[in-house]
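Comments concern the structure below.
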Amino acid sequence: ENLSCYVLMKFLKTSFYIQSFPSDEGWPFAKYLGACGRMVAVNYVGEELWSYFNAPWEKRVDLAWQLMEIAEQLTNNDFEFALYLLDVSFDNFAVGPRDGKVIIVDAENVLLLIIFRHTYVLSSSLTFFFTVSLYFADKPENWDVWYESKFDDCDKEACLSFSKEILCARVTVDHNYYAICQNLLSRHATWRGTSGGLLHDPPTEIAKDGRLEALLDECANPKKRYGRFQAAKELREYLAQLSNNVR
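Residue numbers (the UniProt record's numbering): 1 to 247.
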């Protein structure tokens, strides 16, 4: 059993995630249909997020809200683990053709952190075809100190700055908020020669209000200590409000 699990985690990372976190239970992954060798079959999840870059504002607001909800679900849930997205771009998400639900397409570049809050931390990095496990008999230094990801204004598309070692050694990390805001939603997002993010060109009244831009900026590149945590919370609430208003 242990060997088969190791082989699955090492060579079939996508299969591991979509079976361990099934869509039927509300996880944002494709539905597992079966596998043959290293080939994994999943249901059709729809067109990539990129195809909605210039969709009507109402649709883009709904997709942005879903993306922030995914970031929250993977970071904070009722289970003792967190999932961190290490490769975030418009091509790594899809939108369901019937229900409009956002799904994670690339499940290979995901870091799984299993948290035993009172005793130790166990983490597994299932990326780049290898498995690394870290076991802490004693809590690592600063394990309970909130970690803020560093903003990276690089000259390449879909940049993310992170340390697997730090992600694996902290209980509370803002990485998913940072990744979604910087690479998909804010003015810092660049992809296929475009800029401005999924929420580009908001309606005049929203642009004049300035709240959306301020929350996106603080979520991507916070100016206050722990500012991203608060901005992400407020952004989720604000997008939910906007989404209800435009429906």
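We put the CB at the ideal spot given by N, CA and C, even for glycine.
Residue range of the alpha helix (DSSP H) that includes residue i
i: VAL61; result: 57–75
i: CYS219; result: 211–220
i: ALA179; result: 175–180
i: GLU165; result: 164–167
Buried/exposed call for residue i, threshold 16 Cβ in 10 Å
i: ASP62; result: buried
i: SER89; result: buried
i: CYS36; result: exposed
i: THR204; result: exposed
Residues that residue i bridges to, as DSSP identifies them
i: GLU237; result: Answer is none; GLU237 lacks a bridge partner.
i: TYR84; result: LEU111
i: CYS36; result: MET39
i: SER195; result: THR190
i: PHE29; result: ILE104
Among the options, nearest to residue i - alpha-carbon criterion
i: ARG98; options: LEU83, VAL45 and ASN176; result: VAL45
i: THR14; options: ALA107, LEU242, ARG236 and SER195; result: ALA107
i: VAL102; options: SER51, TYR147 and LYS223; result: SER51
i: PHE29; options: ASN43, MET39 and ARG38; result: ASN43
i: GLU47; options: GLY100, GLN230, PRO56 and GLU157; result: GLY100
i: SER163; options: SER149, LEU113 and VAL110; result: SER149
i: TRP146; options: ARG170, PRO202 and LEU235; result: ARG170
C-beta neighbour in chain C for residue i, strict 9 Å
i: ASP24; result: Of the chains in the structure shown, none is chain C; there is only one protein chain.
Bounding residues of the beta strand (DSSP E) (the contiguous stretch that carries residue i)
i: ALA94; result: 93–95
Same chain, Cβ closer than 7 Å to residue i, five either side skipped, listed in chain order
i: LEU239; result: VAL61, ALA64, TRP65 and MET68
Own chain, CB closer than 8 Å to residue i, minus 5 neighbours either side, in chain order
i: LEU199; result: ARG60, VAL61, ALA64, LEU185, SER186, LEU212 and LEU216
i: ALA55; result: LEU63
Same chain, Cβ closer than 6 Å to residue i, neighbours up to 5 away in sequence not counted
i: CYS159; result: ASP152
i: SER161; result: LYS150 and ASP152
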